[in-house]
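To start, the structure itself, in structure tokens.
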């Protein structure tokens with residue numbers, strides 16, 4: 001058990017960052033209340049690509065074995081022509097270290113359930129379908145009021161409530177996510193025989209067409225295009241829209257497209273850029289994960305950055321004899337350069353595509369990014 005003056009923490013948001021942080025804090029003997037707005041604890045989504053540095057964080061949280069058993073590990077990325085011809089296969093960097101795969105693809109609901117089970121095992125106090133309606137901080141703690149009429153007092157409050165964070169707005173941080181001009185169609189699908197790595201196509205009807213194995217029988221497939229007004233797209237047409245885009249691609253896409261029949265399984269989302277450059281805290285309220293930063297998934301680093309936030313914040317909180325604002329300043333100082341690099345490089349990849357830059361140094365940018373990510377956060 002770690003000696004720390006932080007004895008009680010409220011975590012707002014039960015996604016990747018919030019769940020991971022809860023497990024780490026409970027392991028140190030800290031009391032944690034976790035509130036999540038969605039009654040189903042947000043067990044939804046299609047697929048997720050977890051690179052080595054995300055796997056390293058999940059190992060620290062204690063769920064790597066379950067992730068390995070539930071996902072599909074691989075060490076290469078393929079580049080294909082729109083007709084499906086394989087142009088190049090590159091060995092991917094093991095950013096989590098040589099003892100972890102370069103990448104694991106898995107179904108996002110499965111990852112969420114693994115983290116939920118880990119939170120439950122810690123004995124944390126979890127309340128679903130609950131939001132925070134007010135935060136009142138003083139020098140010694142934070143009083144929180146909840147949508148169910150209850151209230152509580154905490155040594156620290158952590159806003160892990162995602163890209164549209166109400167906590168961020170509540171504490172007066174004014175930065176907001178901004179659209180990058182791109183959008184993504186994504187869906188789970190049966191895994192075609194022979195799909196054993198990510199394959200990416202740059203060009204064709206979409207900016208990017210890609211798929212990632214997420215288990216023995218499943219893939220996560222996605223198509224990136226210019227953003228459209230979502231109000232003009234009937235959700236009932238989502239499967240038809242994705243099939244229409246996918247029809248411009250050959251190879252394994254033919255089988256994947258044929259399986260896209262249920263519009264409820266298809267998700268359409270704009271790409272956003274978001275980075276809080278200034279402090280990520282106000283008093284004893286601090287942000288982690290997408291509440292503080294988010295970027296297009298062109299480098300597949302969103303979950304990894306959120307998990308690393310949880311690791312670093314937990315390390316600082318549980319390693320100190322007493323709490324001071326300096327801990328939150330140090331957290332921001334450690335995370336900002338690495339997160340800024342990921343956000344800027346992810347957006348740069350997108351701009352090269354939207355601008356039609358043919359001689360962009362994509363391999364160089366990816367190599368430089370991976371070299372940094374291989375270092376401990």
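Numbering (the UniProt record's numbering), first residue to last: 1 to 377.
The beta carbon of each residue, even a glycine, is placed where N, CA and C say it ideally should be.
Nothing here was measured: the structure is a model prediction, and the numbers come from that model.
What do you get for residue i, buried or exposed, if any count of 16 or more other CB atoms within 10 angstroms of its CB means buried?
i, result
"residue 7", "exposed"
"residue 1", "Residue placement at residue 1 is poorly supported in this model, since its pLDDT is 39, which falls under 50; the coordinates are not used for a value here."
"residue 56", "buried"
"residue 171", "buried"
"residue 377", "buried"
"residue 83", "exposed"
"residue 168", "buried"
"residue 23", "buried"
"residue 293", "buried"
"residue 3", "Because residue 3 carries a pLDDT of 46, less than 50, the predicted location of this residue cannot be relied on, and the following value inherits that uncertainty. Flag for residue 3 reads exposed."
"residue 281", "buried"
"residue 210", "buried"
"residue 151", "exposed"
"residue 140", "exposed"
Name the DSSP bridge partner or partners of residue i?
i, result
"residue 212", "220"
"residue 12", "35, 159"
"residue 198", "77"
"residue 187", "221"
"residue 7", "Answer by DSSP bridge pairing: none, since residue 7 is not bridged."
"residue 226", "182"
"residue 151", "145"
"residue 281", "286"
"residue 258", "Beta-bridge pairing links residue 258 to no other residue."
"residue 293", "275"
Assuming residue i contacts residue j under a Cβ cut-off of 8 Å, what Cβ separation, rounded to an integer in Å, is found between them?
i, j, result
"residue 18", "residue 160", "3 Å"
"residue 135", "residue 144", "6 Å"
"residue 104", "residue 67", "6 Å"
"residue 245", "residue 185", "6 Å"
"residue 300", "residue 53", "Going by Cβ atoms, the distance from residue 300 to residue 53 rounds to 11 Å, so no, they are not a contact pair."
"residue 183", "residue 228", "7 Å"
"residue 218", "residue 191", "5 Å"
"residue 102", "residue 32", "Contact doesn't hold; Cβ gap of about 33 Å is too wide."
"residue 327", "residue 320", "6 Å"
"residue 13", "residue 41", "11 Å between Cβ atoms; not a contact."
"residue 354", "residue 181", "6 Å"
"residue 89", "residue 76", "5 Å"
"residue 235", "residue 279", "No, residue 235 and residue 279 are not in contact; Cβ-Cβ is about 39 Å, not under 8 Å."
Would a C-beta distance cut-off of 9 Å place residue i and residue j closer than the cut-off?
i, j, result
"residue 220", "residue 189", "yes"
"residue 200", "residue 80", "yes"
"residue 363", "residue 273", "no"
"residue 212", "residue 47", "yes"
"residue 269", "residue 349", "no"
"residue 342", "residue 369", "yes"
"residue 62", "residue 307", "no"
"residue 260", "residue 214", "no"
"residue 313", "residue 132", "no"
"residue 291", "residue 116", "no"
"residue 175", "residue 336", "no"
"residue 197", "residue 78", "yes"
"residue 338", "residue 372", "yes"
"residue 43", "residue 109", "yes"
"residue 35", "residue 130", "yes"
"residue 70", "residue 107", "yes"
"residue 5", "residue 271", "no"
"residue 16", "residue 289", "yes"
"residue 59", "residue 25", "no"
"residue 358", "residue 142", "no"
"residue 287", "residue 165", "yes"
"residue 330", "residue 316", "yes"
"residue 248", "residue 194", "no"
"residue 340", "residue 241", "no"
Under DSSP, the alpha helix (DSSP H) around residue i begins and ends at which residues?
i, result
"residue 343", "325-354"
"residue 168", "166-170"
"residue 145", "Looking at the DSSP string, residue 145 is not in any alpha helix (DSSP H); the run it does join, the beta strand (DSSP E), is 142-146."
"residue 177", "No alpha helix (DSSP H) contains residue 177, which DSSP labels as neither H nor E."
"residue 317", "302-319"
"residue 44", "Counting along the chain, residue 44 falls outside any alpha helix (DSSP H), and DSSP gives it neither H nor E."
"residue 298", "Where residue 298 is concerned, there is no enclosing alpha helix (DSSP H), given that its DSSP letter is neither H nor E."
"residue 380", "The structure shown does not extend to residue 380, since the chain is modelled only from 1 through 377, so no value can be given for it."
"residue 369", "362-373"
"residue 69", "64-70"
At a cut-off of 8 Å, would you count residue i as near the ligand ZN, judging by its Cβ distance to the nearest heavy atom?
i, result
"residue 132", "Absence of the ligand ZN from the depicted structure is noted, as is the absence of any ligand whatsoever, leaving it without description."
Taking the beta strand (DSSP E) that residue i belongs to, which residues open and close that run?
i, result
"residue 126", "125-128"
"residue 270", "267-275"
"residue 136", "132-137"
"residue 104", "103-107"
"residue 91", "86-91"
"residue 47", "47-51"
Is there a Cβ of chain D sitting closer than 9 Å to that of residue i, yes or no?
i, result
"residue 356", "The chain inventory of the structure shown lacks chain D, comprising one protein chain alone."
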